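Below is one structure, written out as structure tokens, with a few remarks after it.
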Amino acid sequence: MRRSPSAPQPSLPFATADRGLLVHADALDACARLPAELRFDLVYLDPPYGLGTTMAARVEAGQGRGRRRAASGPAAFDDPSPEELVRMLAPRLAAIRDRMSAGATLWLHLDHRAVHEAKVEVDRIFGRGAFLGEVIWTPGNGGRRASGLAVTHQTLLVYARAPAERADVVWNADDPELREPYAATSLSMHFKQRDDQGRAYREREIAGRTYRYYADEGRRLGSVWTDLPAMVANTPLRREATGYPTQKPESLLDRIVRASSRPGATVADLMCGSGTTLVAAARLGRRFVGGDQSPLAIETTRTRLVGEGIAFDELGGPADQRIIVS
Ligand SMILES: C[S@@+](CC[C@H](N)C(=O)[O-])C[C@H]1O[C@@H](n2cnc3c(N)ncnc32)[C@H](O)[C@@H]1O
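Take any residue in the sequence shown, count from 1 to its spot, add 43: that is its number in the numbering used here.
Here you go:
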């Protein structure tokens with residue numbers, strides 16, 4: 044690893060192909076400091092949720108992760124009130140939108156605390172017609188409330204860059220990761236025909252055209268995702284665990300990257316926490332621009348990327364040094 048004093052940085056090797064970029068900065072500064080020609084083809088943003096507390100990481104065995112308590116590890120980031128969160132997000136989302144390419148999508152991941160206020164704000168910034176829909180994700184952790192309505196899902200809002208571009212967004216519907224098996228009743232009732240190879244299919248006539256559906260290809264995935272458990276729900280996922288609070292499973296980001304980008308695309312996550320999006324993007328042959336303002340997030344992401352053998356450059360940080368990892 045070699046360090047060199049950085050400011051100002053006129054250009055980055057990132058502009059050439061297969062390296063990622065990790066920026067230690069507030070998302071607003073990150074957008075301002077990136078090379079002018081750099082565009083995001085897919086943005087995933089997983090900000091704090093509006094909890095009004097400090098979130099802590101587990102860096103040693105026995106420490107608590109999540110809302111800071113007496114037995115917690117070090118502070119990872121402050122999670123403000125829903126009102127403060129939406130106020131913080133607005134200018135950052137506008138800056139991110141200005142960096143998006145035509146056909147790009149934004150995936151904004153929130154939960155019930157702030158998602159409704161945030162949606163009104165994103166509608167204002169991107170245009171209401173740019174809203175493509177939402178995904179309900181169930182992490183499978185169970186409800187955290189002792190009484191009353193148990194909230195067991197989170198919400199991802201999906202936007203095109205502008206209303207006029209909603210028909211142009213990338214959506215790889217045929218990727219196997221975006222298909223799910225037909226229900227057993229549907230298979231037995233409808234898929235009664237066989238082709239020359241013995242594959243079961245059904246045909247449907249829609250608006251005068253005949254469409255053939257194969258049973259083994261499954262159907263298009265819907266907008267409620269229940270099959271991607273969160274970190275704490277399933278022990279095999281411990282392999283991924285970094286101890287960073289609210290870390291998302293790689294399977295979730297893998298699906299989003301597959302759905303909304305093509306190989307070679309640039310995937311951005313400017314509140315990347317432990318770097319889950321960056322790992323998923325790199326594995327799928329996309330370039331990434333990651334960022335976070337938390338020193339612990341950057342340290343965690345750096346360790347994770349190096350451990351995965353993923354090449355990247357760094358920009359920013361208190362000493363404003365550029366670190367080239369080779
Ligand atoms: C919910 S966590 C992200 C978790 C991440 N998706 C993962 O899988 O590890 C939210 C992150 O947003 C970062 N953050 C909050 N406000 C920010 C800002 N204005 N600019 C950059 N990062 C910010 C926090 O430091 C924190 O790491």
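Note that beta-carbon positions come from the ideal geometry of N, C-alpha and C, so glycine has one too.
Since the structure is predicted, the reported quantities are computational estimates derived from the model, not experimental observations.
- DSSP places H159 inside the alpha helix (DSSP H), whose first and last residues are V158 to F169.
- Per DSSP, reduced to three states, the secondary structure at I139 is helical.
- At a cut-off of 4 residues, the continuous stretches assigned as alpha helix (DSSP H) that sit fully inside the segment 183-245 are 227-233.
- One thing to note: I168 has its Cβ no nearer than 8 Å to the Cβ of A118.
- In this structure A114 is not in contact with R108, their Cβ atoms being roughly 10 Å apart against a cut-off of 8 Å.
- Secondary structure note for E357: its beta strand (DSSP E) is the uninterrupted segment F355 to G359.
- Looking only at L175, A258, R171 and D238, the smallest Cα-Cα distance to T228 is reached by A258.
- Straight-line measurement puts the Cα of P306 at about 15 Å from the Cα of D217.
- Contact between the segment 76-86 and the segment 288-308 is established, with three or more Cβ pairs separated by less than 8 Å.
- Per DSSP, the unbroken alpha helix (DSSP H) holding R347 starts and ends at P338 to G350.
- Per the C-alpha coordinates, the member of A203, S303 and A325 positioned closest to D141 is A203.
- Contact check for V165 and G334: beta-carbon distance about 19 Å, past the 8 Å limit, so the pair fails to qualify.
- Within the chosen limit of 7 Å, ligand 1 reaches the beta carbon of C315 through at least one heavy atom.
- Straight-line spacing of the CA atoms in L295 and N184 works out to 15 Å.
- For D270, there is no enclosing beta strand (DSSP E), as DSSP gives it neither H nor E.
- In the DSSP assignment, T96 falls within the unbroken beta strand (DSSP E) covering T96 to A99.
- Of all C-beta pairs linking the segment 210-226 to the segment 137-157, three or more are shorter than 8 Å, placing the two stretches in contact.
- DSSP places R282 outside any beta strand (DSSP E), giving it a letter other than H or E.
- DSSP places R252 in the uninterrupted beta strand (DSSP E) bounded by R252 to Y257.
- Counting the other Cβ atoms within 10 Å of the Cβ of A273 gives 16 or more, which makes it buried.
- Counting C-beta pairs closer than 8 Å gives fewer than three between the segment 318-327 and the segment 123-138, which falls short of the contact rule.
- In this structure, the straight-line span from the alpha carbon of C315 to that of G360 is close to 15 Å.
- Separation of the CB atoms of L153 and L358 is rounded to 27 Å, and the pair is thereby denied contact status at 8 Å.
- The beta-carbon separation of V129 and G116, rounded to 28 Å, does not stay under the 8 Å limit for a contact.
- Membership of E293 in the alpha helix (DSSP H) is indicated by the continuous run E293 to S303.
- Here the alpha carbon of D270 sits roughly 31 Å from the alpha carbon of R112.
- In the DSSP assignment, D89 falls outside any alpha helix (DSSP H), carrying neither H nor E.
- For A324, the enclosing alpha helix (DSSP H) covers residues T319 to R326.
- Boundaries of the alpha helix (DSSP H) harbouring A73: A70 to R76, taken from the DSSP string.
- Under the three-state reduction of DSSP, G172 is assigned to helix.
- Counting along the chain, T309 sits inside the beta strand (DSSP E) bounded by residues T309 to D312.
- If you ignore the 5 residues before and after R237, its C-beta comes within less than 8 Å of the C-beta of A243 and Y244, all in its own chain and listed in chain order.
- When beta bridges are read from the DSSP output, S115 appears opposite G107.
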